Amino acid sequence: MSQPTPVFIAHRCFMSDDCQSNFRTSQNLRRHLAQAHEFDFPSRISKARLRNNDSYLYLSDSSTSSNLAVTIHFGCPICQHHCAELSAMRAHFEGSHHEHLPNQQREHDQSSSSSTLLGASVDVNQSISGSSTTGQKRQSDEAICFDGINLDQPLGEHLVINNLDVSAGFHNMKMSLKANKWKLSLEDNLLLILSSTSVLLLDGNKYPEEVKPYFDYDQWRMIDEYIQQAYGIKRQPIPLATATQFSSILDRFINKKIGRDEAEISFKSLALPTMEKKIAKAIGNLVSKLPLVTIEENVNETELCSRFIDPFLAGLFDDPDNSIYLRWLDETTFEAKYKEVSSSRPDLSVTKSLGVKWATTLAYGEAKSAMYSDDHFIICKDLIKVARVCKDALDNQLFEGILAVQIIGRTVVFYLLTLPAQSIYTMIPLATIKVPDSINELPGLVYKVPDILKVLDIFERVCVRAAHPETIKHRCAPTLPMANIQQLFSQSKNRKRSCHIQLYHN
Numbered sequence: 122m123s124q125p126t127p128v129f130i131a132h133r134c135f136m137s138d139d140c141q142s143n144f145r146t147s148q149n150l151r152r153h154l155a156q157a158h159e160f161d162f163p164s165r166i167s168k169a170r171l172r173n174n175d176s177y178l179y180l181s182d183s184s185t186s187s188n189l190a191v192t193i194h195f196g197c198p199i200c201q202h203h204c205a206e207l208s209a210m211r212a213h214f215e216g217s218h219h220e221h222l223p224n225q226q227r228e229h230d231q232s233s234s235s236s237t238l239l240g241a242s243v244d245v246n247q248s249i250s251g252s253s254t255t256g257q258k259r260q261s262d263e264a265i266c267f268d269g270i271n272l273d274q275p276l277g278e279h280l281v282i283n284n285l286d287v288s289a290g291f292h293n294m295k296m297s298l299k300a301n302k303w304k305l306s307l308e309d310n311l312l313l314i315l316s317s318t319s320v321l322l323l324d325g326n327k328y329p330e331e332v333k334p335y336f337d338y339d340q341w342r343m344i345d346e347y348i349q350q351a352y353g354i355k356r357q358p359i360p361l362a363t364a365t366q367f368s369s370i371l372d373r374f375i376n377k378k379i380g381r382d383e384a385e386i387s388f389k390s391l392a393l394p395t396m397e398k399k400i401a402k403a404i405g406n407l408v409s410k411l412p413l414v415t416i417e418e419n420v421n422e423t424e425l426c427s428r429f430i431d432p433f434l435a436g437l438f439d440d441p442d443n444s445i446y447l448r449w450l451d452e453t454t455f456e457a458k459y460k461e462v463s464s465s466r467p468d469l470s471v472t473k474s475l476g477v478k479w480a481t482t483l484a485y486g487e488a489k490s491a492m493y494s495d496d497h498f499i500i501c502k503d504l505i506k507v508a509r510v511c512k513d514a515l516d517n518q519l520f521e522g523i524l525a526v527q528i529i530g531r532t533v534v535f536y537l538l539t540l541p542a543q544s545i546y547t548m549i550p551l552a553t554i555k556v557p558d559s560i561n562e563l564p565g566l567v568y569k570v571p572d573i574l575k576v577l578d579i580f581e582r583v584c585v586r587a588a589h590p591e592t593i594k595h596r597c598a599p600t601l602p603m604a605n606i607q608q609l610f611s612q613s614k615n616r617k618r619s620c621h622i623q624l625y626h627n
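Going from the sequence shown to the working numbering is simple: count from 1 and add 121.
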């Protein structure tokens, strides 16, 4: 039986004799072909690894200390094909992957003879050929698709700030999606993908690459400041007397001068203004639930919600006396039943009842355990989901704004979604609160009281029916189904990609 041929796969540019560039990987060769020769590749290509077989023994180094005679073959940057002659590799590429060639060569290469290619190429074996076909099929799945997506929404009433036409800039940003042939990576294109359903994610403290072609840094900050002023978004002053009371009760509890039950009752019996009373209730709930010291084990999503997140959020938002309830949802939402096109199921909502029926929703949220904190792909998908259901709630209920909540581990991020002009929904972060994991860490929450008051103030004032509902109705734009939005981004994940909403020190 003949022995397999030892072969080293080289990655060399095959475009011209003048280009002698060599590369360590097929990915680096693709990058060179794209940058130097204007080839067109998707952001991610699934290429299976070459495996030793009866014909070839693949080596990682062309130089070997053994007496083996090593053959050099040139590898295809797309599939597993390789051949001994560089001219044969070019012929293979022009015949099998002509869609990636520079535009001016495609028409010529389409007429290339398949028989010439077969004569110039090297057959590896049947299993490798099958893997190549699978890789090409996966690659075709990376082509961007705009079926059912209408990006050119009517602008109508423009949002203009100091002669800056924000609506026009946002419209251009949205239309730029059409310039892409391949699906976008989600983590570092979140703002572009949200724009497809008319949502502008704003944060004046961050200046993402996606917005730079349409707004300079000063303009981006100006838009953020305008929205904050328009809706009265501002940090509340520290209520010194209240903060002192909170700290005093916690100090006595931690030092074992009072018990857990007495500490909880002390918080809930404080005579305070309404919003400060809600914070006292939230801290009292945490006193009854938190362990004395940090448990050195991860918690799953159910325990995370029941022990840490629910006591905190219930204290802030659950108000049965005023028919407002924090709900952990286990069936399709009120808006999804009302509008089939947006059938999503978020993890939580804050809903107001009217008699014995649920009436309106004031907030929606998604929760993930801390194990997903570095999975930016999942976190971005959750935020898109929350943005969509909040947008539907605002449109259907004709509200001024809807509160959006994203929970990652014990970190709770609050956003406000509003509709300041036609076809442009702004989503702006209000506060990021990390729920303590033990009684010993609970005093740190007292320092976040101004941020919590900011969220409660917005919830009370803005998450209400619009004073001019006809104006909101006129401004509304259609909500894209999640299936349509997913046509725009690749399902590939990479934790090394930059992410606009990445959490640090989670």
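Just so you know, even glycine gets a beta-carbon here, dropped at the ideal spot from N, CA and C.
Bear in mind that the values here come from a model prediction, so they are computed numbers and not experimental data.
Test item: CB-CB of residue i and residue j under 9 Å
i: H203; j: F214; result: no
i: L447; j: V471; result: yes
i: N143; j: A131; result: yes
i: A552; j: F535; result: yes
i: T126; j: S176; result: yes
i: D324; j: D345; result: yes
i: F267; j: L313; result: no
i: K168; j: Q124; result: no
i: L563; j: I404; result: yes
i: L207; j: C501; result: no
i: I400; j: F367; result: yes
i: P599; j: N284; result: no
Residue i versus residue j: straight-line alpha-carbon distance, rounded
i: L315; j: T481; result: 24 Å
i: D503; j: S306; result: 15 Å
i: R151; j: M210; result: 14 Å
i: I348; j: R596; result: 16 Å
i: R342; j: V332; result: 12 Å
i: Q141; j: C134; result: 6 Å
i: W303; j: K355; result: 41 Å
i: P550; j: G565; result: 21 Å
i: D653; j: K389; result: Residue 653 lies beyond the stretch modelled for the chain, which goes from 122 to 627, so this question has no answer here.
i: I467; j: H218; result: Note on residue identity: the sequence assigns Pro, not Ile, to residue 467. Taking the straight line joining both Cα atoms gives about 42 Å.
i: L537; j: T365; result: 30 Å
i: I359; j: H158; result: 60 Å
i: V510; j: F520; result: 13 Å
i: F162; j: A212; result: 18 Å
i: Y546; j: G380; result: 48 Å
i: G353; j: D337; result: 24 Å
i: L469; j: L407; result: 19 Å
i: F455; j: E424; result: Model confidence at F455 stands at a pLDDT of 46, short of 50, so the residue's coordinates are unreliable; what they give is reported in the following sentence. Straight-line Cα distance between these residues: approximately 26 Å.
i: V477; j: L515; result: 22 Å
i: K378; j: V567; result: 20 Å
i: Y493; j: R616; result: 11 Å
i: L171; j: G290; result: 47 Å
i: L601; j: I445; result: 29 Å
i: R165; j: E263; result: 8 Å
i: S647; j: A155; result: For the chain, the structure presents residues 122 to 627; residue 647 sits outside this window and is missing.
i: S288; j: K569; result: 35 Å
Integer-rounded CB distance, given that residue j should sit under 8 Å from residue i
i: A525; j: V507; result: 5 Å
i: Y335; j: M294; result: 5 Å
i: H497; j: Q612; result: Contact doesn't hold; Cβ gap of about 14 Å is too wide.
i: S374; j: A384; result: First, the residue type needs correcting, since residue 374 is Phe and not Ser in the sequence shown. Contact flag correct, Cβ pair sits at about 4 Å.
i: S137; j: G196; result: The Cβ separation is near 18 Å, so there is no contact.
i: F129; j: I193; result: 6 Å
i: E487; j: Q527; result: 6 Å
Residue i CB to nearest heavy atom of the ligand GDP below 8 Å
i: R165; result: This structure simply doesn't include the ligand GDP, nor any ligand for that matter.
Assigned secondary structure, residue i (DSSP; H/G/I helix, E/B strand, else coil)
i: Q366; result: helix
i: S217; result: helix
i: K327; result: coil
i: V583; result: coil
i: Y177; result: strand
i: C511; result: helix
i: S474; result: strand
i: G290; result: helix
i: N443; result: helix
i: Q623; result: coil
i: I529; result: strand
i: T318; result: coil
i: Q141; result: coil
i: C204; result: strand
i: I554; result: strand
i: V408; result: helix
> How about the region 554 to 562 and the region 577 to 597: do they share at least three Cβ pairs that are nearer than 8 Å?
Replying inline: no
>> Closer than 8 Å is the cut-off here; do at least three beta carbon pairs connect the region 275 to 285 with the region 531 to 543?
In response: yes
> Would the region 303 to 320 and the region 597 to 607 be scored as touching if the rule is three or more Cβ pairs under 8 Å?
Replying inline: yes
> On the three-pair Cβ rule with 8 Å, is the region 426 to 443 touching the region 517 to 533?
Replying inline: yes
>> Measuring CB atoms only, is the region 391 to 400 touching the region 566 to 579, in the sense that at least three cross pairs come out at less than 8 Å?
In response: yes
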